[in-house]
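Everything below concerns the one structure shown next.
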Amino acid sequence: MPNIDWKNLSFGYTKTKYNVRTYFRDGKWGALEASSEETINLHMAATALHYGQEAFEGLKVFRGKDGAIRVFRWEENAKRLQRSAEAIMMEPVPSELFKKAMVKVVKMNEEYIPPYGTGSSLYLRPLLIGSGAQVGVKPANEYLFMIFVTPVGPYFKEGFKPVDMELVRDFDRAAPQGTGNVKVGGNYAASLKATMRAHDEGYAASIFLDSKTKTYIDEAGPANFFGIKEGKYITPESSSILPSITNMSLRVLAKDMGLTVEQRHVRADELDTFDEVGACGTAAVISPIKRIHDRDTDKNYLYCKDGNAGPISTKLYESLQGIQMGEIDDTHNWNMIIE
Ligand code: PLP
Ligand code: COI
Numbered sequence: 333m334p335n336i337d338w339k340n341l342s343f344g345y346t347k348t349k350y351n352v353r354t355y356f357r358d359g360k361w362g363a364l365e366a367s368s369e370e371t372i373n374l375h376m377a378a379t380a381l382h383y384g385q386e387a388f389e390g391l392k393v394f395r396g397k398d399g400a401i402r403v404f405r406w407e408e409n410a411k412r413l414q415r416s417a418e419a420i421m422m423e424p425v426p427s428e429l430f431k432k433a434m435v436k437v438v439k440m441n442e443e444y445i446p447p448y449g450t451g452s453s454l455y456l457r458p459l460l461i462g463s464g465a466q467v468g469v470k471p472a473n474e475y476l477f478m479i480f481v482t483p484v485g486p487y488f489k490e491g492f493k494p495v496d497m498e499l500v501r502d503f504d505r506a507a508p509q510g511t512g513n514v515k516v517g518g519n520y521a522a523s524l525k526a527t528m529r530a531h532d533e534g535y536a537a538s539i540f541l542d543s544k545t546k547t548y549i550d551e552a553g554p555a556n557f558f559g560i561k562e563g564k565y566i567t568p569e570s571s572s573i574l575p576s577i578t579n580m581s582l583r584v585l586a587k588d589m590g591l592t593v594e595q596r597h598v599r600a601d602e603l604d605t606f607d608e609v610g611a612c613g614t615a616a617v618i619s620p621i622k623r624i625h626d627r628d629t630d631k632n633y634l635y636c637k638d639g640n641a642g643p644i645s646t647k648l649y650e651s652l653q654g655i656q657m658g659e660i661d662d663t664h665n666w667n668m669i670i671e
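First residue of the sequence shown: 333, per the numbering used here; consecutive thereafter.
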């Protein structure tokens, strides 16, 4: 066992033993190779470096109560990586290749899967980049697909404790017909200034509004937004937000709990009417929000008035984590066990 303080891991990089890599060259994917190198040898004219041909994924592997190793809804990540590839003209990675790489990298790093009960998990970071050289603005004809893994704790240091977020209008994360709905690096570059300013001012993340009208809630930093009121789970519909697999799963669990699910435009001024609000994503799972500060109007929207996450967010969080850890029946068949 590596010497890791599993219970106190943050969401960061810890070196593991191996990563796996394969190249698309001359019209086909080559052999999948394991590497213990943390670096990539890349042509200086690679399109990833100049023209942003880069997409990634993020998914988690859990050690269950029964000792089994579970990966959550990997097919959805594989499909999303294919959509990201298509959006920026990269070679898509077939789901079977994605699966083979994932199983190989998890098995080769088994000792880095955090023990059950520590609150940590093994985060998988699949990466697809244009590695071929181009100087004109065109797609590469060579691609590198790789997956590295790293054991992680909660994304927001607060874990499931409510956080503050800030509503911003002076930065756009993504354009309505741009790449906000796929997981490409450029979206994150565009969010850095707002995010770092939010951190400096004591907020966990910035909440972006739709870029065109600045009326509707788009993304809650690196996560989707949801609100709860009147027996409803409400989450934004938008062409510029990433279709979150966590959100997709929470909508199903919310229905299972008897809530009505609405996926529609959510006006910023509707924030006043929610009983509970939160951000959701693989890294954060659910991050309950206790205060949203509107940077322009200075208005504060307050939730979690007793300091704790609301009852519905808590139940959703426990259900999702329970399924991921093998404590609750996986009735929707979301887990794949890696043997
Ligand atoms: N929104 C953004 C911008 C993200 O980066 C992520 C993380 O992947 C999410 C939402 C949540 O998506 P998922 O639940 O699939 O991890
Ligand atoms: C997520 O998994 O929810 C993320 O947003 C990943 C993030 C580190 C980009």
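Quick reminder that beta carbons are idealized off the backbone N, C-alpha and C, glycines included.
Just so we're clear, the structure is a prediction, and the values are computed from it rather than from any experiment.
Less than 7 Å separates the beta-carbon of P447 from that of R395.
With a threshold of 6 Å, the Cβ atom of L364 does not count as near the ligand PLP, since no heavy atom of the ligand is closer than that.
Distances from the CA of I573 to each of N519, H664 and P643 were compared; the closest alpha carbon is that of N519.
DSSP lists R353 and L459 as the beta-bridge partner residues of M478. Looking at the DSSP output, C612 sits in a beta bridge with N556 and I618.
For the pair of segments examined, the stretch 544-560 was found to touch the stretch 608-618: the number of CB pairs separated by less than 8 Å reaches three.
Contact check for P486 and K544: beta-carbon distance about 33 Å, past the 8 Å limit, so the pair fails to qualify. With a cut-off of 6 Å, the C-beta of G654 is classified as distant from the ligand PLP, since no heavy atom of the ligand falls inside that distance. Where S572 is concerned, there is no enclosing alpha helix (DSSP H), because DSSP gives it neither an H nor an E. Each of D550, I644 and E551 was checked against the Cα of L585, and the nearest Cα belongs to I644.
Residues close to the ligand COI by the beta carbon criterion (under 6 Å to any non-hydrogen atom) are, from first to last along the chain, G390, P554, A555, G613, T614, A615 and A616.
For E594, the three-state secondary structure derived from DSSP is strand. For the 7 Å CB-CB criterion, G658 and K360 do not form a contact.
Between E498 and E533 the beta-carbon gap is near 7 Å, inside 8 Å, which marks them as a contact. Nearest C-alpha to G639 among P575, Y649, L391 and K493: K493. Secondary structure of K411 (DSSP, three-state): helix. When rounded, the separation of the alpha-carbon atoms in Y444 and T348 is 7 Å. Distance from the CA atom of I539 to the CA atom of A526, rounded to whole angstroms, is 9 Å. DSSP links H625 through a beta bridge to E498 and N632. Taking C-alpha positions only, L524 is separated from F503 by approximately 10 Å. Relative to the non-hydrogen atoms of the ligand PLP, the Cβ of E650 never comes closer than 6 Å to any of them.
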